[in-house]
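Same order as they appear, the protein sequences are chains A and B. Taking my numbering, I'd label the letters of the first sequence as residues 2 to 719. Taking my numbering, I'd label the letters of the second sequence as residues 84 to 502. Here a beta-carbon is modelled for each residue, glycine too, at the ideal position from N, C-alpha and C. This one's a predicted model, so the numbers in the text were calculated from it and none came from an experiment. One structure below.
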Amino acid sequence: MVTMAPPLASPALTWDVDDGIATVVLDLKSQPVNVISRPVKDEFLACFAALRDDARVRAVAFFSGKADNFIAGADIEEFVKLGSAAEAERLAADGQEMLERIARFPKPIAVGIHGACLGGGFEFALACHYRVATDHPKTQIGLPEVQLGILPAAGGCQRLPRLVGARAALDMILAGKTERAAKAFRLGMVDELVPPAILAEITLAAARRMAGGWRPRRKRQGGFVGFLLDGNPLGRRLVFRMARKQVLERTGGHYPAPLAALEAVEYGLRHGMAEGLKREAQLFGQLAVTDVSRKLVQIFFATNQLKKDPGVANAPPPARVHRLGIIGSGFMGSGIAGTAVAQAEVDVRMKDADLARVAQGILAARAILDDRLKRRRITKYEYARLIALLSGSDAYAGFGRAELTIEAVFEDLAVKQQVLREVEQVLPHDGVFASNTSTIPITRIAEAAHDPERVIGMHFFSPVAKMPLLEVIPGARTSPQTISTAVAFGRRIGKTVIVVKDSPGFWVNRILAPYPNEVGHLLAEGASIEDIDSMAVRFGFPVGPVTLLDEVGLDVAVKVAGVMQESYGDHIIAAPGPGVAALVKAGRLGRKSGRGFYIYKGGKKRGVDESVYGLLGVHPNGGPRPAEILQRLVLGMVNEAARALGEGVARNPRDGDIGAIFGFGFPPFRGGPLRYADDLGAERVVSDLERLAERHGVRFTPCEVLQEHARQGTKFYS
Amino acid sequence: MPSLNGRRVAVVAGVRTPFAKAGTSLKDARAVDLGRYAARELLERTNLDGTEVDEVIFGQVVPSALVPNVGREVSLLPQLPKEIPAYSLNRACASANQAITAAQDQIVLGHSNVIIAGGAEALSDIPILASRRLADILVEASKAKSLGARIKTFAKIRPRDLVPVSPAIAEPSTGESMGQSAEKMAKENHISREAQDRWALRSHKLAVQGTADGRLTAEIVPWLPTRPGGEIVRQDNGIRTDTSLEQMAKLKPVFDRRYGSVTAANSSPLTDGASAVLLMSDEKARALGYEPLTYIRSYAVAAVDPGWQLLQAPIFAVPMALERAGIQWKDLGLIEIHEAFASQVLSNLQGFAAKGWEINEDIINVMGGSIAIGHPFGATGGRIVITLSNEMRRRDVQYGLISVCAQGGMGFAMVLERR
């Protein structure tokens with residue numbers, strides 16, 4: 002789904018008739034991709050009415066006029082403007098009615114699909130009578146609606162399960178998945194898979210065959226198991242029960258859309274198509290105006306804007322990175338290397354102090370490709386081509402052509418400066434040097450540079466292949482060209498990029514700091530580890546702060562907290578409590594050492610280690626009320642986010658919230674810490690913080706930015 | 084000195100993988116993997132943008148049935164443009180030499196400016212063939228129209244048909260194996276067992292020295308493992324630090340157990356490895372800012388009747404190359420002679436001496452030769468060009484000679500010059 006704005010200047014649908022077959026082409030001239038909006042729908046109705054009345058036409062073949070896009074979905078801008086559930090329901094019903102006309106069209110319709118065929122676009126294809134898709138990687142088919150907190154409401158919840166069975170349909174719809182054409186073909190979502198060169202020919206031939214009375218016979222997918230589960234009501238009940246359970250596990254009950262989609266599918270299968278469509282439209286109406294959907298759409302828009310944001314005003318065009326140098330082939334270095342190869346086919350050269358580490362780093366980077374091969378995202382030929390992009394040695398050979406070099410060596414200023422001095426000797430004159438530091442100021446590192454304009458921070462999150470965020474940190478003397486190159490590269494390897502200020506902890510780690518740091522205080526006051534974590538998870542965080550400490554490593558957490566405290570003092574961020582340092586001393590470093598607050602066996606968390614309380618000298622005795630635990634965890638973070646925003650650490654609330662959501666999983670349905678503060682109202686946040694400050698100290702004193710908003714009655718987002 | 088034909092061809096740089104005895108450290112690698120590795124690391128070490136390369140030529144003597152054109156697969160490295168042509172060739176043990184001269188020809192003609200030439204061989208991965216009868220039956224079965232017909236065809240298979248056929252290193256024209264030829268040359272040229280063992284020992288000692296002082300390892304790109312727990316191979320693994328004449332004397336001759344003198348110790352081992360050499364026209368090398376190691380001054384190939392002394396053709400090729408270069412034997416400052424067998428090296432030297440040329444062992448194979456370092460057939464020629472070019476630069480020698488004997492009774496010679 003993609004945004005669109007202006008009304009149609011020229012007709013989007015054109016057709017001509019040859020030998021009884023009408024070839025219809027959709028091409029929204031003013032848009033990069035095809036989307037279905039109200040004016041497009043009107044054109045569809047007019048077009049098909051004309052084709053129905055045209056006696057020459059015996060069948061229809063439908064194509065997109067775009068090079069690599071079929072139909073990207075329904076028009077989101079239209080959806081955002083919806084004021085009420087009733088209005089939304091009407092919109093859905095209109096769409097359903099149009100597709101019902103397509104489905105019942107007296108002349109058969111074949112569609113030739115090449116490029117993205119998503120949401121409403123796929124629902125249209127489902128309503129047609131024969132689907133041919135190209136086997137091209139650009140051909141992606143799916144129903145991603147639930148990712149925006151809504152459901153496929155143009156008959157998608159009805160037609161897909163009838164075509165491929167309830168099990169496969171739920172799998173697609175509930176996760177908002179998009180599949181490659183080959184998989185879509187295997188599942189039965191399309192009838193034929195062909196090379197792009199013969200798409201038109203084969204689609205026309207199908208239309209011609211259907212004009213002659215032929216009808217595709219589709220066999221039930223999934224064989225015997227498919228029959229057991231999908232082919233009878235009893236099996237289906239089991240399928241729905243399992244799907245519901247999975248959804249609840251995955252969403253923690255925070256997201257209503259998958260459950261509503263489940264209901265729409267189930268209702269339709271039980272009560273028939275017509276009733277199903279009605280229910281589908283009703284549920285869409287309800288979802289469209291939920292706060293969750295609004296938040297998800299805001300995030301969608303924010304990430305789309307970020308995709309176009311060069312990260313710096315009047316940005317010079319970025320340098321194209323053909324070759325990436327990686328210094329330090331450890332966990333982060335190899336993660337960046339593997340991601341760059343897998344996502345953007347960049348030629349990567351790695352360097353580390355000795356060959357054994359280089360070899361290990363290359364293998365670790367290759368593991369990202371191994372994984373894609375195993376999941377059949379790439380063929381073995383693509384795999385062979387991609388692994389040839391990974392190489393390395395214990396010298397800087399090959400770095401002379403690296404437009405960008407990222408260091409991920411030991412987190413120590415002197416070491417990083419040394420690496421910078423060394424590699425600067427061989428880098429091309431306009432090569433960019435980026436540091437993947439999480440704590441060291443970029444400006445300090447750049448002091449060692451001959452040319453500090455080409456030095457920048459690129460803070461990736463771990464594991465790099467999975468974490469979607471990248472913080473780009475210009476130092477005091479970094480040039481706009483360098484910023485532009487770093488941002489463009491981050492985006493090219495699939496990251497959402499925010500440009501943040503060069504200050505300790507940058508954005509993400511800084512605003513996250515109060516979250517785990519509150520743990521020591523809460524435990525000292527008698528809270529239990531389980532209570533602290535479960536309150537955070539119930540709020541929507543992916544993991545609670547105690548688990549987070551274990552994941553990050555207690556030693557690392559203590560070190561980071563030290564850096565933060567040194568920079569910001571006690572009144573801003575408290576240390577993680579003396580207790581955590583004691584745990585580190587006792588050799589409990591978290592997951593990596595098998596013991597932290599929890600016990601880990603075989604890579605799995607095995608419950609709280611009760612002996613921790615003894616080591617900390619605390620006794621769980623109920624402690625603060627659950628509501629207060631949550632308030633302290635969340636408002637501490639909100640306060641710090643507001644303060645950092647006031648200092649210009651993030652450029653705007655949008656970047657700040659996206660950073661929190663993609664960086665550490667701030668609950669997306671709450672829109673981010675700043676959006677959350679807006680929803681609560683600054684006045685309430687300030688008064689809650691003041692009350693906490695009174696009881697627990699200066700770390701909760703509301704920051705100036707929040708106080709100002711409270712006084713003025715203003716918001717972060719105006 | 085200007086080249087005879089106008090354009091001068093520079094040896095800009097060269098690298099090779101470590102050479103490993105077949106079935107050891109590199110046994111999991113295919114020839115194509117080794118060749119691609121060497122070519123890519125050559126680009127890295129020279130910091131050359133792959134788009135500058137005009138062509139890729141690779142030698143391979145025992146090609147894989149699955150990757151018959153190793154040169155093209157090397158040129159399809161993602162670091163090189165897909166639009167440059169490539170081919171593979173076979174001039175037996177002088178294949179990489181031939182690849183280099185073919186590159187030279189193209190550059191002299193003005194067809195190309197930059198060529199990567201080299202060779203690759205994985206003798207751990209030789210094609211094992213089915214017997215001719217089994218092959219015939221399988222082909223027939225694949226054409227069978229029904230299951231019954233297919234089963235009937237398969238029923239013809241006899242146990243002896245299932246014995247696989249591995250290619251022998253024997254002359255198709257005479258049936259004589261390479262080792263038998265070496266044995267024959269030892270007898271006819273009166274090369275003693277002791278002289279052969281001494282030459283082999285010399286090869287190991289000098290190679291040990293070249294490895295220890297880094298001259299030999301300078302041309303090697305360490306091989307990194309392709310699976311967890313794999314071994315990093317940093318140097319050639321056939322070079323022996325612990326061998327002695329006494330130990331060598333204990334070995335039994337392999338090809339003539341009664342009266343023979345050729346043993347495993349005084350022959351080159353079956354080896355895996357690859358080499359890649361970067362060749363450019365002089366103008367191009369200078370335009371790109373390279374300081375060439377050497378220039379190719381001349382080359383020559385000669386052949387003899389394989390039924391005579393199979394590995395003695397270098398004594399005909401070398402004079403031709405010297406004549407084409409317009410220089411004398413005594414002008415040579417360094418000489419690299421390929422060591423298939425010690426008896427062959429000594430026969431070649433005997434042949435040179437017979438021309439009245441003075442043999443100065445101090446300038447011959449100064450870091451050892453194929454007996455110690457190993458001999459991946461298709462790659463050796465690249466190794467020798469690299470070794471000689473590097474050493475000519477180190478010693479600032481003006482003229483260097485390469486002499487390589489090859490299967491089929493062929494001999495290859497090349498003269499390199501420094502300035």
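Counting along the chain, the unbroken beta strand (DSSP E) around residue 461 of chain A starts and ends at 456 to 461. Residue-level contact by beta carbon fails for residue 212 of chain B and chain A, as no gap is shorter than 8 Å.
Residues are counted here when their Cβ sits less than 7 Å from a Cβ of chain A; for the segment 159 to 178 of chain B these are 160, 161, 162, given in chain order. Under the three-pair Cβ rule at 8 Å, the segment 345 to 358 of chain B counts as touching the segment 86 to 100 of chain B. By the criterion of at least three beta-carbon pairs nearer than 8 Å, the segment 443 to 458 of chain B is in contact with the segment 287 to 299 of chain B. The way I'd put it, the segment 236 to 248 of chain B does touch the segment 208 to 221 of chain B; three or more beta-carbon pairs between them come closer than 8 Å. For residue 138 of chain B, no Cβ of chain A is located within less than 8 Å of the residue's own Cβ. Using a Cβ-Cβ cut-off of 8 Å, residue 363 of chain A counts as an interface residue toward chain B, since at least one Cβ of chain B sits closer than that to its own. Residue range 705 to 713 is occupied by the alpha helix (DSSP H) that includes residue 709 of chain A. A check of alpha carbon separations from residue 331 of chain A across A:468, A:404, A:364 identifies A:364 as the nearest. Within the segment 328 to 357 of chain A, the residues whose Cβ lies closer than 8 Å to some Cβ of chain B are 346, 348, 350, 356, 357, listed in chain order. Bounds of any alpha helix (DSSP H) do not take in residue 155 of chain A, whose DSSP letter is neither H nor E. Under the 8 Å criterion on CB atoms, residue 119 of chain B is classed as interfacial with respect to chain A. The beta carbon of residue 315 of chain B falls within 8 Å of a beta carbon belonging to chain A, placing the residue at that interface. Judged by DSSP in its simplified three-state form, residue 260 of chain B adopts strand. Within chain A, 398, 399, 400, 401, 402, 427 have C-beta atoms less than 9 Å from the C-beta of residue 130 of chain B, given in sequence order. For residue 456 of chain B, the uninterrupted alpha helix (DSSP H) segment begins and ends at 453 to 456. A straight-line Cα-Cα distance of about 27 Å links residue 351 of chain A and residue 141 of chain B. Measuring C-alpha to C-alpha distances from residue 397 of chain B to each of B:382, B:170, B:411 identifies B:382 as the nearest.
Of all residues in the segment 251 to 269 of chain A, none is placed with a Cβ closer than 8 Å to any Cβ belonging to chain B. Secondary structure in the segment 636 to 706 of chain A: the alpha helix (DSSP H) runs of 4 residues or longer, each lying completely within the stretch, are 654 to 665, 674 to 681, 683 to 697 in chain order. Its chain contains 79 as the residues whose beta carbon lies nearer than 7 Å to that of residue 39 of chain A, once the 5 sequence neighbours on both sides are disregarded; these appear in chain order. For residue 536 of chain A and residue 627 of chain A, the gap between their C-alpha atoms comes out near 7 Å.
With the rule of 3 Cβ pairs closer than 8 Å, the segment 415 to 424 of chain B counts as touching the segment 477 to 497 of chain B.
Within 10 angstroms of the beta-carbon of residue 664 of chain A lie 16 or more other beta-carbons, which makes it buried. If you draw a straight line from the Cα of residue 68 of chain A to the Cα of residue 381 of chain A, it is about 27 Å long. Annotation: the continuous beta strand (DSSP E) that includes residue 496 of chain B extends over 493 to 500. Here residue 426 of chain A is exposed, its C-beta having fewer than 16 other C-beta atoms within 10 Å. Listed as beta-bridge partners of residue 475 of chain A by DSSP are A:457. Nearest CB-CB separation between residue 151 of chain B and chain A: not below the 8 Å threshold. By the Cβ neighbour-count rule, residue 419 of chain A is exposed, with fewer than 16 other Cβ atoms within 10 Å of its own. Taking 8 Å as the CB threshold, residue 359 of chain A lines the interface with chain B.
With fewer than 16 other Cβ atoms from the protein chains shown falling within 10 Å of its own Cβ, residue 315 of chain A counts as exposed. Closer than 8 Å to the CB of residue 308 of chain B there is at least one CB belonging to chain A. Residue 558 of chain A does not reach chain B, its nearest Cβ partner there being about 30 Å away, counting only Cβ pairs nearer than 8 Å. Spatial neighbours of residue 676 of chain A in its own chain (CB-CB distance under 6 Å, excluding positions within 5 residues in sequence) are listed in chain order as 658.
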